[in-house]
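For the first sequence, counting from 1, position 184 maps to 364 in the numbering used here; every step adds exactly one.
The C-beta atom is built at its ideal place from N, Cα and C for all residues, glycine as well.
Quick caveat: nothing in here was measured; it's all calculated off a predicted structure.
To keep things clear, I will list the structure first and then write my remarks on it.
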Amino acid sequence: MITNAFDELKWRGLIFDHIEGVPELLAKEKVTVYNGFDPTADSLHVGHTIPLIALARLQRFGHTPIALAGGGTGMIGDPSGKSSERNLLTREQIEYNVSCIKKQLAHLLDFEVKSNPAMLLNNADWLLELNLVNFLRDTGKHFTVNYMLAKDSVKTRLEREEGLSFTEFSYMLLQSYDFMHLYDTYGCRLQTGGSDQWGNIVAGVELIRRARGGSAYAMVYNLLTKADGTKFGKTESGSVWLDPEKTSPFRFYQFWLNTDDRDVIKNLKYFTFFTQEEIAALEASLAERPEQREPHRALARDMTARLHGETALARAEQASQALFGGEITGLSAAEIADIFSDVPSCELPKTQLEGPGLPLVDLLVLAGVAKSKGEARRSIAEGGINLNNRRAADAARSVTLGDALEGRFIVLRKGRKNYTLVKVLD
RNA sequence: GGGUAGUUAGCCAAGUGGCCAAAGGCGACUGACUGUAAAUCAGUUGGGGACACCCCUUCGGAGGUUCGAAUCCUUCACUACCCA
């Protein structure tokens with residue numbers, strides 16, 4: 181039985197490194213802990229959620245989490261893990277992004293609980309008012325350039341020809357200032373983050389020690405890697421976002437369901453709140469009946485329900501079943517409209533299908549399935565195009581009204597998974 | 001400011017007058033096999049067409065030499081390195 185937050189994070193394989201004393205701190209005291217995130221887009225993506233879910237884990241053990249939006253630091257740009265200078269975002273853009281992300285955080289952290297409610301803060305609230313001379317006297321005075329140059333994030337950039345602007349060089353001082361501000365204002369004593377944040381976090385610990393004589397702590401998480409070496413959280417169509425407008429619940433569900441066998445147990449530990457016993461059972465299932473993909477399904481169900489709700493999950497599962505089940509010709513138009521609500525679609529006036537109909541090749545281009553007629557032809561020749569879930573092998577054929585299910589829908593599919601719904605308009 | 005080497009398709013990279021819509025690799029897409037895996041094997045990967053054949057556009061930009069230019073010349077831009 182796990183009784184403290186540190187052991188919990190440890191068995192989940194999350195902990196990359198920590199300052200001495202963190203296990204004792206988390207075991208003996210209820211602390212306020214913060215984790216920052218960059219509001220560079222108007223939605224979080226799945227990669228962002230690991231440290232935020234970790235915050236939620238800490239919250240469940242009685243600690244008080246602060247999610248800190250880098251509204252101020254986002255205007256500077258963190259050089260950690262970045263190979264080149266970043267574009268600066270405008271203040272308006274950042275404020276808009278923070279407001280969008282706020283809603284998503286409510287799915288992960290508990291802002292309502294009486295005892296230790298989560299907080300969402302924005303460092304723009306204090307950084308933008310910072311006076312340069314005061315900052316240099318109070319904060320800058322505590323750091324030597326030698327110390328700053330020794331940081332990995334700075335060193336790697338100096339070795340490259342492009343170098344590093346003074347702006348980005350200063351980033352760690354601002355992040356340190358954040359930590360001290362939260363220490364002063366909220367009694368925050370622990371900062372967490374991805375392992376690439378180690379340098380910045382430790383700088384904050386140093387600042388609190390030197391400027392306040394206080395003891396603060398740092399703990400960083402493993403960055404999630406994938407067995408096949410590709411970047412986590414990306415699919416053919418880009419990042420997997422939490423915003424259902426950007427990544428539909430169906431795609432979100434499919435993303436998790438398609439997790440590599442080699443990664444699925446690790447992902448269950450990283451992302452879900454399943455107990456050790458539950459995960460052990462799923463691990464056994466993976467070993468004995470891999471074709472059932474029970475761990476994948478459990479992961480997909482849990483994540484989809486948590487972030488998009490039970491209704492969205494039910495729809496995603498229903499759609500998955502219909503799409504990968506086989507025959508769709510038996511479905512009613514209403515069922516099709518429902519199942520394919522998440523799938524990319526296009527509209528086509530009925531008149532185009534009348535008489536001799538529209539060449540299939542043209543329809544594929546029109547629907548965005550193929551970028552050119554040549555590509556459409558090749559796809560058909562490869563056997564990769566399905567019309568209403570039946571392989572369309574004849575590149576010369578036309579699509580007529582008779583092909584439309586109940587006269588309203590045509591379901592195009594390229595390959596195994598790429599569906600496009602054509603809506604026939606009167 | 002002076003010099004040297006570069007700039008080729010999504011990326012890396014070969015090609016240095018015709019056989020070049022451009023080798024090879026990676027990535028991506030499709031098929032077979034499967035579990036909506038992995039691995040493997042095979043095919044495809046500028047656009048258009050009456051599509052085993054033809055046409056158009058593309059090798060940093062613009063001009064030129066030539067029957068013919070990714071390849072030679074001029075010029076401009078950009079990148080890297082060396083010197084001031």
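Find the nearest neighbour of LYS446 within the set LYS406, LYS414, ALA383, judged by alpha-carbon distance. Your numbering for residue 446 matches position 266 in the first sequence. The residue with the shortest Cα to Cα distance from LYS446 is LYS406.
Given that a residue counts as buried once 16 or more other Cβ atoms are within 10 Å of its Cβ, and exposed if not, what is THR270? By 1-based counting over the first sequence, the position of residue 270 is 90. It counts as exposed.
Helix, strand or coil: which one does DSSP assign to ASN576? As a first step, residue 576 is located in the first sequence; it is residue number 396 there, counting from the start. Checking the sequence, you will find Ala at residue 576 rather than Asn. ALA576 falls in the coil class under three-state DSSP.
Contacts around ALA480, its chain only, beta-carbon distance under 7 Å, and the 5 residues preceding and following it disregarded: Position 300 of the first sequence, counted from the start, is the residue given in the question as residue 480. Same-chain partners within the cutoff: TYR433, TRP436, LEU437.
In this structure, does DSSP put ILE199 in helix, strand or coil? For the purposes of this step, residue 199 is identified with residue 19 of the first sequence, where counting begins at 1. The answer is coil: DSSP assigns ILE199 none of H, G, I, E or B.
Quick check on ARG588: does DSSP put it in helix, strand or coil? Looking up residue 588 in the first sequence gives position 408. Here ARG588 sits in coil by DSSP.
Hey, how far is the Cα of PRO470 from the Cα of ALA502? Against the first sequence, residue 470 aligns to sequence position 290. Against the first sequence, residue 502 aligns to sequence position 322. Distance between the alpha carbons of PRO470 and ALA502 is about 22 Å.
At the level of alpha carbons, what is the spacing between TYR600 and ASP408? Residue numbering aside, residue 600 sits at position 420 when the first sequence is read from its first letter. Residue numbering aside, residue 408 sits at position 228 when the first sequence is read from its first letter. The amino acid at residue 600 is misidentified as Tyr; the sequence shows Thr. Approximately 28 Å between the Cα atoms of the pair.
Grouping DSSP H, G and I as helix and E and B as strand, with all else coil, what is LEU362? Along the first sequence, read from residue 1 onward, the residue named residue 362 stands at position 182. Note: LEU362 maps to helix in three-state DSSP.
Pull up the CB-CB distance for GLY193 and PHE412, whole angstroms please, since I reckon it's below 8 Å. Sequence index remark: in the first sequence, residue 193 carries index 13 (1-based). Sequence index remark: in the first sequence, residue 412 carries index 232 (1-based). Actually they are not in contact, since the Cβ atoms of GLY193 and PHE412 sit about 14 Å apart, beyond 8 Å.
Closest by C-alpha distance to ARG593, when choosing among ALA221, ALA494, SER559, SER345: Working through the first sequence from its first residue, we reach residue 593 at position 413. For the residues ALA221, ALA494, SER559, SER345, the minimum Cα distance to ARG593 belongs to SER559.
Give a yes or no on whether the C-beta atoms belonging to HIS476 and ARG390 are separated by under 8 Å. Taking the first residue of the first sequence as position 1, residue 476 is located at position 296. Taking the first residue of the first sequence as position 1, residue 390 is located at position 210. No, these two residues do not count as a Cβ contact at 8 Å.
Count the other CB atoms, across all protein chains shown, that sit within 10 Å of the CB of GLU341; report buried if there are 16 or more and exposed otherwise. Working through the first sequence from its first residue, we reach residue 341 at position 161. With a pLDDT of only 49 at GLU341, under 50, the local geometry of the prediction cannot be trusted, and no value is derived from it.
Where does the unbroken beta strand (DSSP E) through ASN184 begin, and where does it stop? Position 4 of the first sequence, counted from the start, is the residue given in the question as residue 184. It is not in any beta strand (DSSP E) - ASN184 carries neither H nor E in the DSSP assignment.
Along the chain, where does the alpha helix (DSSP H) containing PRO231 start, and where does it finish? As a first step, residue 231 must be located in the first sequence, where it is residue number 51. Element bounds for PRO231: 229-240.
Through-space distance from ARG570 to LEU238, alpha-carbon basis: As a position in the first sequence, residue 238 is number 58, starting the count at 1. As a position in the first sequence, residue 570 is number 390, starting the count at 1. If I take the Cα positions, the gap works out to 51 Å.
Tell me whether ALA460 sits in a helix, a strand or coil according to DSSP, three-state version. Stepping through the first sequence from its first residue, residue 460 is reached at position 280. Looking at ALA460 - three-state DSSP - the assignment turns out to be helix.
For ALA499 and PHE520, I'd like the C-alpha separation in whole angstroms. Translated into positions along the first sequence, residue 499 becomes position 319. Translated into positions along the first sequence, residue 520 becomes position 340. Taking C-alpha positions only, ALA499 is separated from PHE520 by approximately 7 Å.
Can you confirm whether the stretch 306-320 touches the stretch 281-293 when touching is taken to mean that 3 or more C-beta pairs between the two stretches lie within less than 8 Å? no
Give the range of the alpha helix (DSSP H) segment to which ARG192 is assigned. In the first sequence, counting from the first residue as 1, residue 192 sits at position 12. Careful: ARG192 lies outside any alpha helix (DSSP H) and carries neither H nor E.
Could you check the C-alpha separation between THR319 and LEU422 for me, to the nearest Å? Taking the first sequence and counting its residues from 1, the one referred to as residue 319 is at position 139. Taking the first sequence and counting its residues from 1, the one referred to as residue 422 is at position 242. Going from the Cα of THR319 to the Cα of LEU422 covers about 36 Å.
Tell me the residue span of the alpha helix (DSSP H) that contains PHE217. Taking the first residue of the first sequence as position 1, residue 217 is located at position 37. It is not in any alpha helix (DSSP H) - PHE217 instead sits in the beta strand (DSSP E) that spans 212-217.
By the three-class DSSP mapping on this structure, what secondary structure does GLY374 have? For the purposes of this step, residue 374 is taken as residue 194 along the first sequence, with counting starting at 1. GLY374 falls in the strand class under three-state DSSP.
Are the beta-carbon atoms belonging to ILE528 and LEU546 less than 8 Å from one another? Numbered from 1 along the first sequence, position 348 holds the residue referred to as residue 528. Numbered from 1 along the first sequence, position 366 holds the residue referred to as residue 546. Inspection of the sequence shows that residue 528 is occupied by Leu rather than by Ile. In contact: LEU528 and LEU546 (Cβ atoms closer than 8 Å).
Alpha helix (DSSP H) segments (min. 4 residues) lying fully within the stretch 374-442: 378-392, 429-437
Cβ neighbours of ASP443 in the same chain (closer than 7 Å, five flanking residues each side left out): Your numbering for residue 443 matches position 263 in the first sequence. Excluding sequence neighbours, ASP443 sits near LYS406, ALA407.
On the three-state DSSP scale, how would you describe GLN284? As a first step, residue 284 must be located in the first sequence, where it is residue number 104. Shown here, GLN284 sits in a helix according to DSSP, grouped into three states.
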